[in-house]
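Reading through the structure tokens given below for one structure.
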Amino acid sequence: MLMKLKTVAAAAIALSTGMAFAQNAVVTIAHVGPTSGAIAHLGKDNENGAILAVEELNAAGVTIGGKKVTLKLMTEDDAADPKQGTAVAQKLADAKVAGVIGHLNSGTTIPASSIYSEAGIPQVSPSATNPKYTRQGFKTAFRLVADDAQLGGTLGKYAVSTLKGKAIAVIDDRTAYGQGVAQEFTKAVKAAGGNVVATEFTTDKATDFNAILTTIKGKKADVVFFGGMDAVAGPMLRQMKSLGINAKFLGGDGICSTELVKLAGDAVADNQVFCAEAGGIEAGSPFEKARADFDKKFKAKFNADVQVYAPYVYDGVKVMVAAMVKAGSSDPAKYLPVLAATKDFKGVTGNISFDNKGDILNGALTLKTVKGGKLEKVSVIR
0 MLMKLKTVAA AAIALSTGMA FAQNAVVTIA HVGPTSGAIA HLGKDNENGA ILAVEELNAA
60 GVTIGGKKVT LKLMTEDDAA DPKQGTAVAQ KLADAKVAGV IGHLNSGTTI PASSIYSEAG
120 IPQVSPSATN PKYTRQGFKT AFRLVADDAQ LGGTLGKYAV STLKGKAIAV IDDRTAYGQG
180 VAQEFTKAVK AAGGNVVATE FTTDKATDFN AILTTIKGKK ADVVFFGGMD AVAGPMLRQM
240 KSLGINAKFL GGDGICSTEL VKLAGDAVAD NQVFCAEAGG IEAGSPFEKA RADFDKKFKA
300 KFNADVQVYA PYVYDGVKVM VAAMVKAGSS DPAKYLPVLA ATKDFKGVTG NISFDNKGDI
360 LNGALTLKTV KGGKLEKVSV IR
């Protein structure tokens, strides 16, 4: 009899534990970015955006398909390296995560996307801007920012029409991002009637630019465009100053960070550097307060200012979870169509809707300049 009672009790405990587990299922979402290497500051910024979103959602409580769930964030480092990026993507596919927010740069995002597509795992990139990412026909690929065709094109037109550049030099770092944005910039310069006097190349790990800058100086360039990241742009600006090159310096969102100002130091004169950040909120927009509140929360939690992309990661997590809730399932096959059909999701970065390729609809660009040692907004363009 005692044995029977123990058996009944054990069964009751097992049943109650099972019920508790069912009511508190764990849904794993992954974030991937470069948390080591030259642009680790940007990768950590992104990761922190994901951490903040998951913590807020768990605190508020998430119910999917009538069951209360706990969101778990799995974080991985791709070091901005394509090989490491694909290795991480395969690891996440094998782990059967419910979704992926990332990667940061196009060079890792694009090769990883084929692995996520094959596994049927939704991937939302907060920052990869090479147009190829969403033009491969993968139903699992989504992007929260405007692409290089918009970004590079806007800067190219700006260099000719507003800055009145007469002799424009273009440098890229040979990465998927750097090449893509430089090509779009060059096309827009030529379309606006501008003159490209030099096309030079470096790498995303280079530190010595004297040879290419000397060539550019000889061409008397008054505008220099760099397709690459802030870790390279900062030292490049220092060497431009040492060579007496006073040209305007333009770049995409890869250089549009507070870290650039630190890396370049006193090599940057007011209104010398201009960059376009994918995304942005117009003055007077109803989203201004939401973004300002996000920046305050981020600063309070991490004791750091937002670099560039953290708000887009934050929105990426929330839009993905909202699709799960609406679909009543965290199964990628079931919530993927709902994610693709997202319309006017209210994020801290603005309204989020996807087109039939997975691109953000009506994506904004924020043009910024460095003034008084700080990045200042010039205008928001759509």
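Oh and the sequence shown: position 140 is 139 in numbering that gives the first Met the number 0, straight run, nothing missing.
Glycine included, every Cβ here is placed at the ideal spot set by N, Cα and C.
Residues in its own chain within less than 7 Å of residue i by CB, not counting five upstream and five downstream?
i    : result
Q178 : D171, G226
K43  : T34
P81  : G106, T107, P110
S160 : A191
A24  : K66, V68
V377 : L366, K367, T368
F208 : T201, M235, Q238
G36  : A78, A79
If contacts are defined as beta-carbon pairs under 8 Å, then residue i and residue j qualify, I think. What distance do you get, rounded to the angstrom?
i    : j    : result
G250 : C274 : 5 Å
L143 : I359 : 6 Å
A266 : M228 : Actually they do not touch by this definition, with Cβ atoms about 17 Å apart.
V347 : D314 : 6 Å
V260 : K90  : Contact flag wrong, Cβ pair sits at about 36 Å.
F344 : V318 : 5 Å
L70  : V320 : 7 Å
A197 : K218 : 5 Å
V99  : A49  : Between A49 and V99 the Cβ distance is about 11 Å, and since that is not below 8 Å, they are no contact.
T185 : V195 : 6 Å
A220 : L262 : In fact, because the Cβ distance is near 21 Å, the residues do not count as touching under 8 Å.
Output the distance between the C-alpha atoms of residue i and residue j, rounded to the nearest integer angstrom.
i    : j    : result
G362 : E375 : 20 Å
A175 : K156 : 22 Å
A21  : G101 : Confidence at A21 is low in this model, with a pLDDT of 41, below 50, so the placement of that residue should be treated as unreliable; the coordinate-derived value is given next. Their backbone Cα atoms lie some 29 Å apart in a straight line.
G152 : D252 : 13 Å
Y308 : I38  : 12 Å
K204 : L41  : 16 Å
K165 : Q271 : 16 Å
E54  : K216 : 51 Å
R134 : V188 : 24 Å
S328 : I351 : 21 Å
A58  : I120 : 25 Å
T257 : K66  : 42 Å
F301 : E46  : 11 Å
K370 : A282 : 19 Å
K325 : I63  : 8 Å
V87  : V31  : 8 Å
T27  : Q83  : 21 Å
V223 : A246 : 6 Å
A97  : S112 : 15 Å
A168 : L154 : 13 Å
A52  : R381 : 27 Å
T74  : K342 : 28 Å
V379 : L366 : 6 Å
V7   : D330 : Only weak support exists for where V7 lies, its pLDDT of 42 falling under 50; the value from the coordinates is given anyway. Between V7 and D330, the C-alpha separation is close to 34 Å.
G349 : N355 : 19 Å
V316 : A145 : 18 Å
G60  : G264 : 45 Å
A232 : R173 : 14 Å
T368 : D93  : 44 Å
V123 : K298 : 24 Å
K95  : I114 : 12 Å
A78  : C255 : 20 Å
A158 : D147 : 16 Å
T85  : D76  : 11 Å
I need the boundaries of the beta strand (DSSP E) containing residue i, first residue and last residue.
i    : result
L91  : Element bounds for L91: not the beta strand (DSSP E) but the alpha helix (DSSP H), 81–94.
F297 : Unbroken run through F297 is the alpha helix (DSSP H), 287–301; no beta strand (DSSP E).
S124 : 122–124
G346 : 344–346
M73  : 66–76
E276 : 272–277
E199 : 195–200
D171 : 167–171
L143 : Counting along the chain, L143 falls outside any beta strand (DSSP E), and DSSP gives it neither H nor E.
N57  : Run containing N57: none in the beta strand (DSSP E); it sits in the alpha helix (DSSP H), 39–59.
If you follow the alpha helix (DSSP H) that residue i is in, where does it begin and where does it stop?
i    : result
H102 : First-last for H102: undefined, no H or E at that position.
T213 : 209–217
F248 : Counting along the chain, F248 falls outside any alpha helix (DSSP H), though it belongs to the beta strand (DSSP E) covering 247–250.
K156 : 147–160
G233 : 229–241
For residue i, which residues of its own chain have a beta-carbon under 8 Å away from its beta-carbon, when the five flanking residues on both sides are left out?
i    : result
L150 : T128, V180, E183, G251, D252, A275, A277, L364
K131 : S105, I109, A175, G179
K138 : S116, L335, A339, G357
A332 : G119
T213 : L242
L56  : L70, V316, K317, V320
To which residues of the same chain is residue i closer than 6 Å at the C-beta, ignoring the five residues directly before and after it?
i    : result
A322 : Y334, V337, L338
I211 : E199
query = Are the stretch 114–130 and the stretch 280–293 touching by the rule of at least three beta carbon pairs closer than 8 Å?
reply = no
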